[in-house]
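Each remark here refers to the structure printed beneath this line.
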């Protein structure tokens with residue numbers, strides 16, 4: 003939180019307050035000043051969720067219609083913060099933008115803020131009694147991204163996932179009314195698995211940018227050199243490392259799978275599709291001989307359609323057995 007003696011670089015009031023008494027800010031993401039209503043704030047968030055590319059569906063048709071705007075509000079908060087950490091237009095002001103975003107987050111837990119993301123987010127967290135912790139954890143992950151580009155141990159990677167991926171699952175569970183700690187533990191396994199699968203998928207993108215999410219302990223154990231990674235040489239040692247990494251992530255997916263059968267029906271189908279999508283990415287990596295140094299394996303539209311059909315079929319069988 004910025005103290006009263008520090009300059010508020012990206013979150014300064016452009017006027018003391020709006021007509022309704024809420025503060026007006028110059029936001030770091032450049033959102034129009036409004037005035038905003040809850041209805042058009044949610045539409046702003048839903049457009050953001052619909053227009054950004056993602057590996058897996060965001061607020062998909064599997065989810066109950068009345069919950070999709072709330073998932074979109076959470077997504078818009080995280081997507082914007084992710085842009086601060088990664089997009090070229092924020093170069094030189096990334097940390098300030100993230101600090102401003104956190105200030106807006108903390109403010110919206112106390113009063114309305116004239117910003118579409120935070121007006122919608124305030125309504126979401128109030129309706130679903132969502133604690134601020136997971137949202138602040140996401141911002142911590144984006145700050146980590148600014149300075150940490152290599153990981154010594156797999157435990158360090160999991161620690162990063164506990165801030166970058168796991169809070170997303172926790173927030174989704176809160177929106178659906180699931181507060182059981184056991185469900186959150188299963189969710190953490192799936193979310194960490196998704197994050198690490200994405201790391202393995204994105205080696206050809208991340209390594210040239212100086213980001214290596216393969217733990218140093220694994221590189222040393224299998225005898226993989228950084229020079230080979232940078233040169234995109236898929237040595238036998240590298241393939242053996244990747245085979246081990248894929249197997250480890252598959253175990254994590256299976257450790258989290260019980261969640262799918264223990265949540266509400268719409269969320270269950272969404273999670274099933276997401277789980278199958280993550281496993282399909284791992285299979286795509288295996289099909290390439292565990293080499294993703296010069297190519298990013300992706301899922302095509304037909305793959306996603308097949309995953310959706312299998313999820314629906316699986317849910318139908320559970321209905322017939324009385325499990326859903």
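In the working numbering, the protein residues as written are 3 to 326. Note that the Cβ used here is the ideal one computed from N, Cα and C, for glycine as well.
Tell me where the alpha helix (DSSP H) around residue i begins and ends.
i           : result
residue 177 : 168 to 177
residue 128 : 118 to 130
residue 234 : Run containing residue 234: none; DSSP gives neither H nor E here.
residue 205 : 205 to 208
residue 101 : 96 to 110
residue 76  : 70 to 88
residue 270 : 267 to 289
residue 43  : 40 to 53
residue 219 : 218 to 224
residue 36  : Run containing residue 36: none; DSSP gives neither H nor E here.
residue 262 : Premise fails: residue 262 is in no alpha helix (DSSP H) and is neither H nor E.
residue 145 : 135 to 149
For residue i, count neighbouring Cβ atoms within 10 angstroms of its own Cβ and tell me buried if that reaches 16, exposed if not.
i           : result
residue 225 : exposed
residue 222 : exposed
residue 228 : exposed
residue 191 : buried
residue 134 : exposed
residue 203 : buried
residue 61  : Any reading at residue 61 must be qualified, since the residue scores a pLDDT of 44, below 50, and its modelled position is unreliable; the value itself is stated next. By the neighbour-count rule (16 or more Cβ atoms within 10 Å), residue 61 is buried.
residue 89  : exposed
residue 238 : exposed
residue 304 : exposed
residue 199 : buried
residue 300 : exposed
residue 96  : buried
residue 183 : exposed
residue 289 : exposed
residue 157 : exposed
Between the options, which has its C-alpha nearest residue i's C-alpha?
i           : options               : result
residue 49  : 183, 254 and 72       : 72
residue 136 : 128, 208 and 174      : 174
residue 124 : 165, 189, 87 and 177  : 177
residue 302 : 142, 293 and 282      : 282
residue 151 : 188, 298, 214 and 203 : 214
residue 212 : 100, 153 and 253      : 153
residue 77  : 89, 170 and 304       : 170
residue 45  : 220, 297 and 117      : 117
residue 236 : 255, 274 and 206      : 206
residue 100 : 128, 142, 66 and 111  : 142
residue 210 : 132, 183, 297 and 68  : 297
residue 197 : 161, 182 and 181      : 161
residue 92  : 122, 144 and 43       : 144
residue 38  : 295, 115, 216 and 95  : 115
residue 79  : 157, 122 and 172      : 122
In chain order, what residues of the same chain lie with their CB nearer than 8 Å to the CB of residue i, ignoring the 5 residues before and after it?
i           : result
residue 185 : 175, 261, 264 and 265
residue 241 : 291, 292 and 293
residue 164 : 139, 190 and 194
residue 111 : 124, 127 and 134
What is the rounded straight-line gap between the Cα of residue i and the Cα of residue j?
i           : j           : result
residue 81  : residue 287 : 26 Å
residue 148 : residue 159 : 15 Å
residue 109 : residue 120 : 9 Å
residue 233 : residue 130 : 49 Å
residue 11  : residue 155 : For residue 11, the predicted structure reports a pLDDT of 31, less than 50, and the residue's modelled location is therefore unreliable. A value from the coordinates is still provided. Rounded to the nearest angstrom, the two C-alpha atoms are 36 Å apart.
residue 268 : residue 179 : 13 Å
residue 244 : residue 257 : 20 Å
residue 41  : residue 246 : 48 Å
residue 70  : residue 249 : 33 Å
residue 34  : residue 285 : 43 Å
residue 128 : residue 103 : 19 Å
residue 105 : residue 253 : 38 Å
residue 259 : residue 188 : 7 Å
residue 32  : residue 85  : 12 Å
residue 280 : residue 168 : 15 Å
residue 181 : residue 219 : 36 Å
residue 251 : residue 36  : 44 Å
residue 87  : residue 295 : 23 Å
residue 107 : residue 274 : 31 Å
residue 68  : residue 166 : 26 Å
Excluding the five sequence neighbours on either side, which residues of its own chain have a C-beta within less than 6 Å of the C-beta of residue i, listed in chain order?
i           : result
residue 270 : 262
residue 74  : 47, 48, 51 and 61
residue 230 : 237
residue 126 : 72 and 75
residue 132 : 176
residue 43  : 118, 121 and 122
residue 29  : 117
residue 201 : 215
For residue i, which residues in the same chain have their Cβ closer than 7 Å to its Cβ, ignoring the five residues on either side in sequence?
i           : result
residue 172 : 136, 186 and 189
residue 83  : 100, 103, 140, 141 and 144
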